[in-house]
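Colleague:
Numbering (my numbering), first residue to last: 1 to 344.
(1) Give me, in chain order, the residues of the same chain whose beta-carbon lies closer than 6 Å to that of residue 213; leave out the 5 immediate sequence neighbours on both sides.
(2) Do you know how far the Cα of residue 27 is from the Cα of residue 117?
(3) What I want to know is whether the C-beta of residue 235 ends up closer than 7 Å to one or more non-hydrogen atoms of the ligand SAH.
(4) Less than 8 Å between the C-beta atoms of residue 165 and residue 104, yes or no?
(5) Quickly, what does DSSP pair residue 174 with across the bridge? List them, please.
(6) Fully enclosed by the region 34-120, which beta strand (DSSP E) runs are 3 residues long or longer?
(7) In whole angstroms, what is the alpha-carbon distance linking residue 32 and residue 65?
(8) Kindly indicate which residue of 46, 234 and 244 has the alpha-carbon position closest to the one of residue 189.
(9) Roughly how many angstroms lie between the CA atoms of residue 223 and residue 273, to the nearest whole one?
(10) Can you give me the C-alpha to C-alpha distance between residue 100 and residue 106, rounded to a whole angstrom?
(11) Return helix, strand or coil for residue 299, following the three-state DSSP convention.
(12) Give the list of continuous beta strand (DSSP E) stretches no shorter than 3 residues that lie fully inside the region 235-277.
(13) Have a look at residue 283 and residue 271 and give me their C-alpha separation to the nearest angstrom.
(14) Pick out whichever of 183, 140 and 162 has its Cα sitting closest to the Cα of residue 171.
(15) Helix, strand or coil for residue 232 per DSSP?
(16) If contact is defined by three or more beta carbon pairs under 8 Å, each pair taking one atom from either stretch, is the region 44-62 in contact with the region 192-206?
(17) Please work out which residues of its chain come closer than 8 Å, Cβ to Cβ, to residue 179, disregarding the five sequence neighbours upstream and downstream, and give them in chain order.
(18) With a cut-off of 8 Å, does the C-beta of residue 256 fall near any C-beta of chain D?
(19) Count the other CB atoms, across all protein chains shown, that sit within 10 Å of the CB of residue 85; report buried if there are 16 or more and exposed otherwise.
(20) Whole angstroms are fine: how far does the CA of residue 276 sit from the CA of residue 267?
(21) Note down, in chain order, each residue of its chain lying with its Cβ closer than 6 Å to the Cβ of residue 11, except the 5 sequence neighbours on either side.
(22) Indicate the three-state DSSP secondary structure (helix, strand or coil) for residue 306 in the structure shown.
Right under this line is the structure:
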């Protein structure tokens, strides 16, 4: 394996090229972000890997693995507009948006054929992928353990018939994911700790990252991947691995939620009242479908929960950004006043 990375192999496309000026084409180097640290950035460019300083005035929290940018060999000078962005509201009590990955073509939503399997969590990941306009694939690991792995595939398929489901042994996936792991394509792995993401990443890339055992009582694991990295796939393309997520809080994902629950979204449009809460209102098409047995009331509850959460998180993030902008204006005004006083 060489240390050079032709742009086409890295996933370069015409919509990135169109963002460059003639001067930038002549003097700067396109690069793809492979890892983000607190004060430095790792990137891949046609001549090899680089360690770069972040752009002046830009926090590394605003840079995602998978981003494309322009550099001068020492510093990342600017980022290019993304084709897709996977992001969530950061874990904890803060009101920050956390970038997960950028310019991803396919999201492998990884769960396992054991107690980790959770339809509500899978629906969250599906909404996240669709909000980012990234194609989702459900990957069921540990398919070598249960006596009837086909039953787990059936359970996954029921969640959304439009999404491909692949059951496999993460240690030996063979060609089962080959359709999405092609030259120039980027896939990302998302899922809980302990589902076998690192084992699968090792198998797909030929790397040897450390793995850890899971607790047998609840199938939960410990974090073995502590950061996000861009890895070359053994058969072409690129993989972004991510740490296991204990919580995925959606924000600005309304379109993705609507696409994931499009059956309920369509039914809601047929309700008698536009502001129907789908509880006891007369003429509620959703409740009529539940009464007819064509809609699971638990699915309705999950849809409503995600919509409320997304609305609250989106409003909270918008308010936080407005406060930051206002604080920035006040700070700049104070600095100007201070400068004037010194000059007086």
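We treat Cβ as the ideally placed atom computed from N, Cα and C, and that holds for glycine.
Modeller: For this structure:
(1) By one-based count along the chain shown, residue 213 stands at place 213. Reliability fails at residue 213, whose pLDDT of 49 lies under 50, so the model's placement of it is uncertain and no value is given.
(2) For the purposes of this step, residue 117 is taken as the residue at position 117 of the chain shown. For the purposes of this step, residue 27 is taken as the residue at position 27 of the chain shown. In this model, residue 117 and residue 27 are separated by some 50 Å (Cα to Cα).
(3) Among the ligands in the structure shown, none appear at all, so the ligand SAH cannot be discussed.
(4) The residue you call residue 165 lines up with position 165 of the chain shown. The residue you call residue 104 lines up with position 104 of the chain shown. Contact check for residue 165 against residue 104 fails: the beta carbons are separated by 8 Å or more.
(5) To locate residue 174, count along the chain shown from 1; it is residue 174. BP columns for residue 174 are empty, so no partner.
(6) Those beta strand (DSSP E) runs which fall completely within the region 34-120 and span 3+ residues are 41-45, 48-52, 68-71, 76-79, 85-89, 97-102 and 106-112.
(7) Numbered from 1 along the chain shown, position 32 holds the residue referred to as residue 32. Numbered from 1 along the chain shown, position 65 holds the residue referred to as residue 65. Straight-line Cα distance between these residues: approximately 8 Å.
(8) In the chain shown, the residue the question calls residue 189 occupies position 189. When only C-alpha atoms are compared, the closest one is 244.
(9) The residue labelled residue 223 in the question sits at position 223 within the chain shown. The residue labelled residue 273 in the question sits at position 273 within the chain shown. Residue placement at residue 223 is flagged as unreliable, the pLDDT there being 45, under the threshold of 50; the coordinate-derived value follows with that caveat. Distance from the CA of residue 223 to the CA of residue 273, rounded to the nearest whole angstrom, comes to 47 Å.
(10) Mapped onto the chain shown, residue 100 falls at position 100. Mapped onto the chain shown, residue 106 falls at position 106. In this model, residue 100 and residue 106 are separated by some 14 Å (Cα to Cα).
(11) As a first step, residue 299 is located in the chain shown; it is residue number 299 there, counting from the start. Correct three-state label for residue 299: helix.
(12) Qualifying beta strand (DSSP E) stretches, in chain order: 238-241.
(13) Indexing the chain shown from 1 puts residue 283 at position 283. Indexing the chain shown from 1 puts residue 271 at position 271. The straight-line gap separating the alpha-carbon atoms of residue 283 and residue 271 is approximately 6 Å.
(14) In the chain shown, residue 171 corresponds to position 171, counting from 1. Here the closest residue by C-alpha is 140.
(15) Translated into the one-based positions of the chain shown, residue 232 becomes position 232. Correct three-state label for residue 232: strand.
(16) With the cut-off at 8 Å, the region 192-206 and the region 44-62 do not touch.
(17) Locating residue 179 in the chain shown gives position 179, where the first residue counts as 1. Residues of the same chain with a CB within less than 8 Å of the CB of residue 179, apart from the 5 flanking positions on each side, do not exist.
(18) In the displayed structure, chain D is absent; only one protein chain is listed.
(19) Here residue 85 corresponds to residue number 85 of the chain shown, with the count starting at 1. So residue 85 counts as buried.
(20) Residue mapping note: residue 267 aligns to position 267 of the chain shown, counting from 1. Residue mapping note: residue 276 aligns to position 276 of the chain shown, counting from 1. Distance from the CA of residue 267 to the CA of residue 276, rounded to the nearest whole angstrom, comes to 11 Å.
(21) One-based indexing of the chain shown puts residue 11 at position 11. Result list for residue 11: 184 and 186, in chain order.
(22) If you number the chain shown from 1, residue 306 lands on position 306. Three-state result, residue 306: helix.
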